[in-house]
Structure formats: structure tokens, C-alpha cells
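As C-alpha cells, the structure follows; a few thoughts come after it.
Right, here's the structure in full:
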């Protein structure tokens, strides 16, 4: 009971619940757990195979054998060209995993990056559970929070429905609606990528509306062909995948809040100066 009652130094959460959260997060990112519904998880076939080995403990050394876990700890591909590193290389690439040679500041920054990576993964899990209508509303809200439509909710509109003409929303950049950004929002589950056909259909819808700007957002990802089609289109189309969406939501505080603040103090040279 004493261990269950123990709390983190901040006092905001029980230590047991915090460690349970991270254990679930790590196992899920390694592909050993899967969510059956919100708040419920079960071992995947790979997780069951690991449990059958009867290991005395499942720690980072064990989890580093799983490429999905390694990739998650390093961050999304394209950030720092480390996505293809082996598990052995992670030990030197991440000061949080092997922090012997890291300074305290480096360890704090590594912890911050890991917390943010975990938060983004949780955001995507929640977003992928949304209804299509709620997902469209989320994208509209995010764009307004980012300053589109002059930051005014009345300048943005979710269209949706079967009669939307191939677009899900529109943001008016000026009061007269002379400059408009049309939006296509496809929630899609992880692994269900957006291909070139969907991009071409969206571009066709933009042409019908005589629009010059379009934004295609998905909670999954785009195929290489889809990216190429958007890049070579005469209509300016911006693609936002799940990783980028989660990053924007964190940056603009959509669906998240500040949970804790850590102050790091140093010597005031002015106070001790001559």
C-alpha cells in the first residue's frame, strides 16, 4: 500500500501509475501490446511469444531488439536521418538510453524529446478513434488556432457530407472570401496510406471550385506517389500526415495542456560579480 501511495516529486501523479503508463507505452510502441478499446490492452502474438520466453524482466535492452521501438525512440523518419539505425546504434544515439557520457542538460533534453514523442503517439491514437465528422472539425479548429482565417472561427467552415464536392472544409483568408483554402480531411487508420488517386480527386475538386490552394490532412501517411502528384500539381496542395498533424497540435496547444513545468536554475553572475 505504501508503494501504491508513493507519488512523483511533483506530487501530481502516483509513481505506480506513472510507471504503468510508460510500461504500456513502451510495450505498445514495440508492437507487443495493442489497444482493443480505450483503456484496454492485450498482448499481440509477438508479445505473447516474448512472454512465453519467461524472461525475468522486460527492460530497454529487450525492447531495443524490436525495430518499431527503436524507430519510435529515435523519432519520425526524416528528422535527423537516424530512422534506419540499428538497435545497437540507439545506445549511442540516445542519451536517455545510455546516459553515461551525457551532461545533465543533455539528459533533460533527451527526456523532453521522449515525453513529446510519447505525447504525439497518444494524440494520434486518440485522433484515429474520432468520427470522420469530428476529425474534420479538429482540422478546422487547428487551422484557426494556427492563425488561418485571421484566427476567427467564423472564417472557417466544415462542409462534409456527400454533397461537399470533394472537399471537407474551407477557410476564408479575408472577410470577402476572395482568398480561400479548401481542406480535405481523411482520418484513416495507421497503415492505411493515402495514394495518388485521392490526391488527384482532391486536385480535381479544387479545379472545379477554381481554387488555387488546398490542404490535404490525414492521420496516417501518404505514399511516395501521392507526394509526387501533389508536388507536381499546378494547384498548390500541401499534405500533412499524422506525424506532422500531431506536431502541429502540440505546438499550438490543441488537445493538450501543460502538465508540469521544470525550472533549472543557475548562478546569477551579476549578483556575485564585483
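Residue numbers (the numbering used here): 97 to 370.
Glycine residues also receive a C-beta, built at the ideal position from the N, C-alpha and C atoms.
Residue state for residue 320 is assigned as helix, using DSSP reduced to three classes. A Cβ-Cβ contact shorter than 9 angstroms links residue 313 with residue 280. Taking C-beta atoms as the reference points, residue 267 and residue 338 fail to come closer than 9 angstroms. Looking at the backbone, the Cα of residue 352 and that of residue 102 are separated by about 26 angstroms.
For residue 100, the CB contacts under 6 angstroms within the same chain, skipping 5 residues up- and downstream, are 112 in chain order. When the Cα atoms are used, residue 277 and residue 348 turn out to be separated by approximately 19 angstroms.
Contact annotation, residue 292 with residue 253: C-beta distance approximately 28 angstroms; criterion of less than 8 angstroms not satisfied.
Checking the DSSP bridge columns, you'll see residue 110 partnered with 103. Sequence-distant partners of residue 168 (beyond 5 residues in either direction) whose C-beta falls short of 6 angstroms from its own C-beta, in its chain, are 125. When secondary structure is reduced to three states using DSSP, residue 352 falls in the coil class, being assigned neither helix nor strand. If you ignore the 5 residues before and after residue 240, its C-beta comes within less than 8 angstroms of the C-beta of 247, 248, 249, 251, 252 and 267, all in its own chain and listed in chain order.
Residue 225 sits in coil when the DSSP states are folded into three classes, being neither helix nor strand. Nearest Cα to residue 360 within the set 202, 299 and 134: 202.
For residue 131, the enclosing beta strand (DSSP E) starts and ends at 129 to 133.
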